[in-house]
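First the structure, in the form of structure tokens, and then the observations on it.
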Amino acid sequence: MDYELARQMLRLPSLLEVPSVMVIEPHPDDNEVGAGALVKQWCDQGVAVTYLTVTDGRCGSEDPTVSVDDVIRVRREERRAANRILGVKASYNLGFEDGGAWTEHQSMQALVPLIRQFRPALVLTVDPWTPYESHPDHVKTGKAVAASIIYAKNGVAFRGQGDPWEVPQIAFYGSAYANVFVDVTATWDTKLAAIKAHASQFDGPSWPLLEQFFTSQAHKLYQEHYDSNTAGRSEAFKVLTALQMHFFPDAVRS
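So for the sequence shown, the working numbering puts the first residue at 285; every next one is plus one.
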């Protein structure tokens, strides 16, 4: 069973029609890089968007003379600046150490109550199963989010930490197995502006090359899935229903 068939059978809304979403990132800039243009569309449509950052971003500087506290402060300020550009009003940080020894289960203990509190129709996060993904924060975050969706609906697990809630769908950005493509031509420039708001990460000599890379990839996706003769932009996602999240080997091909 592929995703689109499962979605229709379960009468679930499409990615652009969901009423509420939680967008969960490992570091303070990941949501913009992975899905900034889609997030802008959601905010413009009045979708209830909640941002959740798992780590404090302390490894976002390679300058050993800069204090950890200063890096954390700067990255939180940049997070707020990017939120304003996109229109994200609800944004939280779990405060786990960037690059630290925290575990998937520890982050699940924080994530499950928040999923139950905000009761999103869809959760979007980074794909931890992308081949060659080597950043442990990305792997742990993606897997913890996926597992939290399974346990958030369980009335026995994490008892006393909110009423159970079943998230109907999950989406992953940065995926090698994308199955949903969104035309984000109208919001692409806003995405780039939101990425640049993370100046500590992108305001440097490598930015023109990165901007060109992001844009060329989005253009390629648009030509492949929309119109090969138009200079549009697209973002790609792996989207699954909750039904496909456990004991469903075909999900990788969905």
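From the three backbone atoms N, C-alpha and C, an ideal C-beta is built for every residue, glycine too.
Cβ-Cβ separation, Pro412 to Val423 (assumed contact under 8 Å), whole Å: Within the sequence shown, numbered from 1, the residue matching residue 423 stands at position 139. Within the sequence shown, numbered from 1, the residue matching residue 412 stands at position 128. Yes, Val423 and Pro412 are in contact; Cβ-Cβ is about 4 Å, under 8 Å.
Where the beta strand (DSSP E) through Asp467 begins and ends: Mapped onto the sequence shown, residue 467 falls at position 183. Taken as a continuous stretch (DSSP letters only), the beta strand (DSSP E) holding Asp467 covers Val464 to Asp467.
Host alpha helix (DSSP H) of Thr425 (start-end): The residue labelled residue 425 in the question sits at position 141 within the sequence shown. It spans Pro420 to Ala436 - the alpha helix (DSSP H) in which Thr425 sits, taken as one unbroken run.
Met306 in three-state terms, based on DSSP: To locate residue 306, count along the sequence shown from 1; it is residue 22. The answer is strand: DSSP assigns Met306 an E or B state.
Phe497 classed as buried or exposed, judged by whether at least 16 other C-beta atoms fall within 10 angstroms: Stepping through the sequence shown from its first residue, residue 497 is reached at position 213. Burial call: exposed.
Extent of the continuous beta strand (DSSP E) to which Phe521 belongs: By one-based count along the sequence shown, residue 521 stands at place 237. Note, Phe521: beta strand (DSSP E), Ser518 to Thr525.
Pick from Val331, Met392, Val410 and Arg291 that is closest to Asp313, judged by C-alpha positions: Numbered from its first residue, the sequence shown carries residue 313 at position 29. For Asp313, the nearest C-alpha among the options comes from Val410.
6 Å CB neighbourhood of Lys324 in its chain, flanking five on each side removed: Against the sequence shown, residue 324 aligns to sequence position 40. Hits under 6 Å: Leu370, Thr471 and Thr474.
First through last residue of the alpha helix (DSSP H) which encompasses Leu406: Translated into positions along the sequence shown, residue 406 becomes position 122. Where Leu406 is concerned, there is no enclosing alpha helix (DSSP H), although the beta strand (DSSP E) it sits in stretches over Leu406 to Val410.
Short Cβ contact (8 Å threshold) for Ala405 with Val305: As a first step, residue 405 is located in the sequence shown; it is residue number 121 there, counting from the start. As a first step, residue 305 is located in the sequence shown; it is residue number 21 there, counting from the start. Contact flag set, yes.
Of the residues Asp340, Gly320 and Met285, the one placed nearest Val307, counting alpha carbons only: Indexing the sequence shown from 1 puts residue 307 at position 23. Looking at the Cα atoms, Gly320 is the closest of the given residues.
Exposure label - Gln292; buried when at least 16 CB within 10 Å: Mapped onto the sequence shown, residue 292 falls at position 8. By the neighbour-count rule (16 or more Cβ atoms within 10 Å), Gln292 is not buried but exposed.
From Thr469, Gly383, Glu450 and Ala430, residue whose alpha carbon lies closest to that of Phe456: The sequence position of residue 456 within the sequence shown is 172, counting from 1. Answer by Cα proximity: Ala430.
Tyr335, enclosing beta strand (DSSP E) - first and last residue: Numbered from 1 along the sequence shown, position 51 holds the residue referred to as residue 335. If you look at Tyr335, you'll find it in the beta strand (DSSP E) that goes Ala332 to Thr339.
Where Leu370 falls: helix, strand or coil (DSSP): Locating residue 370 in the sequence shown gives position 86, where the first residue counts as 1. Residue state, collapsed to three classes: helix.
Same chain, Cβ closer than 8 Å to Ala483, neighbours up to 5 away in sequence not counted: As a position in the sequence shown, residue 483 is number 199, starting the count at 1. Excluding sequence neighbours, Ala483 sits near Glu362.
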